[in-house]
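Contents: one structure, followed by commentary.
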Amino acid sequence: MSAPNKSYDPVEVEALKPEEIERLRDEAFAAFAAAGDLDALAQAKTAHTGGTSPLSLANREIGALPPQAKAEAGKRVGQARGAVSKALAARQAELEAERDARVLVEEAVDVTLPYDRVPAGARHPLTTIMERVADVFVAMGYEIAEGPEVEAEWFNFDALNFVPDHPARQMQDTFFVQGTTPDGKVTEGDESGVVLRTHTSPVQARSLLERKPPVYVVCPGRVYRTDELDATHTPVFHQIELLAVDEGLTMADLKGTLDHMVQALFGPDMKTRLRPNFFPFTEPSAEMDMVCYVCRGESVGNPDRPCRTCGSEGWIELGGCGMVNPKVLTACGVDPRKYSGFAFGFGIERMLMFRHNVEDMRDMVEGDVRFTRPFGMEI
Ligand code: FA5
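Final position of the sequence shown in the working numbering is 1875; the numbers increase by one with none missing.
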């Protein structure tokens, strides 16, 4: 800025000429009016009122004018800058009001909309049937026992008297879990000694090791086999296992318990039958069947009344059972001369199939609510 100069005429300073100041003011007005939103207005504000805007630069020229000219030019520039500030504030208020109105519309919540459009979830029928079965035994004084799904091969097979070359141990039946040996080698195939449990029976061994007889436990849970997913098999399914170990238990207690279970689940006139079978961990072992709950045996020898559920055989296979093999009791530290026990186990998916006429097991695992909805909304 130069010192006051008496011979200096403000009218001759280009930036301070009245028409130039008016032009700068009008330019600012136009820029504010053209700004469509608050961001654009902020840019226009910097351009027309900032420290390097033409009006600010003109203002700086005033200091170099003689006193009379300084007052005149000061008034002119000051009025222009005042008008520009006012116009800016007015446009700012206008754009803020527009924004607030838009946000109110965009973020409006319609409190009159129904609030229950998302239907409440419900437990899967496999879960409810499993709990119903477990409840039958809890009511008889049994306790629920649980074991890990990733299980030691010893509990899944050895403790249950499966010989080392038993076919069930093969990789085509059992998922072996990859592990690491103490020297850091990753195990391959069946070397790890760790499996995804193939049945709930390892919980028998765990329960006997954790408790002292008498032992009465029921174990529902998920199990794994290398079966392909098809209408009657799935590689991940559920079993429920029962174990009773006490003094003086016999096959008659097993049979009575099975009859009570099917009557509690399917109706008072139901009964079971046992057919000889083999399991390494029970001796003697049996396959247990129950009377077909659909035809109640009336389809047998009656071509006019065929039954799809039991294939007109009158019986439905439910699972395996038997008296606990003394070798299992010994492996778990229970004296077989003093105690005896019975056990049984069956597949929950198969039970759901024949209890509700489900024809394809794949429907149970696909998660389609059209399958689960007809079972009701038990929560
Ligand atoms: C067992 O698993 C024995 N642990 C049962 C047992 C327990 C016997 C206690 C004696 C004492 P099994 O391999 O038969 O037995 O299987 C039992 C049930 O599991 C079968 O009856 C069937 O209902 C069900 N199951 C077997 N494989 C599958 C599969 N891939 N998908 C669905 N359910 C299956």
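Where is the CB? At the ideal position from N, CA and C, for every residue including glycine.
Everything numeric in this text was worked out from a predicted model, so none of it was measured.
Kindly examine the ligand NAD and report whether one of its heavy atoms sits closer than 7 Å to the Cβ of residue i.
| i | result |
| --- | --- |
| D1856 | As for the ligand NAD, it is missing from this structure, which binds only the ligand FA5. |
If you run the structure through DSSP and keep just helix, strand and coil, what is residue i?
| i | result |
| --- | --- |
| M1497 | Note on M1497: pLDDT 45, under 50, position unreliable in the model; the coordinate value appears next. Three-state result, M1497: coil. |
| L1770 | strand |
| M1757 | helix |
| M1857 | coil |
| V1820 | strand |
| V1682 | strand |
| S1880 | Outside the displayed span of the chain (1497 to 1875) sits residue 1880, for which this structure offers no information. |
| A1526 | helix |
| V1632 | helix |
| G1744 | coil |
| G1752 | helix |
| K1541 | helix |
Provide the residue span of the beta strand (DSSP E) that contains residue i, from first to last.
| i | result |
| --- | --- |
| V1690 | 1690-1692 |
In the DSSP output, which residue or residues are listed as bridge partners for residue i?
| i | result |
| --- | --- |
| Q1735 | G1717, G1843 |
| G1815 | M1784, F1842 |
| F1459 | No answer is possible for residue 1459: it lies beyond the span of the chain, which begins at 1497 and ends at 1875. |
| N1830 | It should be noted that the sequence gives Val, not Asn, for residue 1830. Answer is none; V1830 lacks a bridge partner. |
| S1836 | D1742 |
| V1711 | V1741 |
Could you pull the start and end residues of the alpha helix (DSSP H) that residue i belongs to?
| i | result |
| --- | --- |
| T1778 | Run containing T1778: none in the alpha helix (DSSP H); it sits in the beta strand (DSSP E), 1778-1787. |
| T1868 | 1865-1868 |
Every unbroken beta strand (DSSP E) inside the region 1544-1627 [3 residues or more]: none
Inter-stretch contact at 8 Å, needing at least 3 Cβ pairs: the region 1774-1786 / the region 1813-1830: yes
The region 1703-1720 / the region 1733-1742 touching (three or more Cβ pairs under 8 Å): yes
The region 1695-1711 touching the region 1741-1756, judged by at least three CB pairs closer than 8 Å: yes
Ranges of the beta strand (DSSP E) found wholly within the region 1634-1682, counting only runs of at least 3: 1646-1648
Three CB pairs or more closer than 8 Å across the region 1747-1766 and the region 1632-1641: yes
Segment contact flag, the region 1828-1838 with the region 1762-1773, C-beta cutoff 8 Å, min 3 pairs: no
Meets three-Cβ-pair contact criterion under 8 Å: the region 1575-1593 and the region 1530-1541: yes
The region 1721-1728 in contact with the region 1744-1754 per 3-pair CB rule at 8 Å: no
Three or more C-beta pairs below 8 Å linking the region 1674-1685 and the region 1650-1660: no
Touching by the beta-carbon criterion (3+ pairs, under 8 Å), the region 1683-1693 and the region 1646-1653: yes
Three or more C-beta pairs below 8 Å linking the region 1523-1534 and the region 1587-1597: yes
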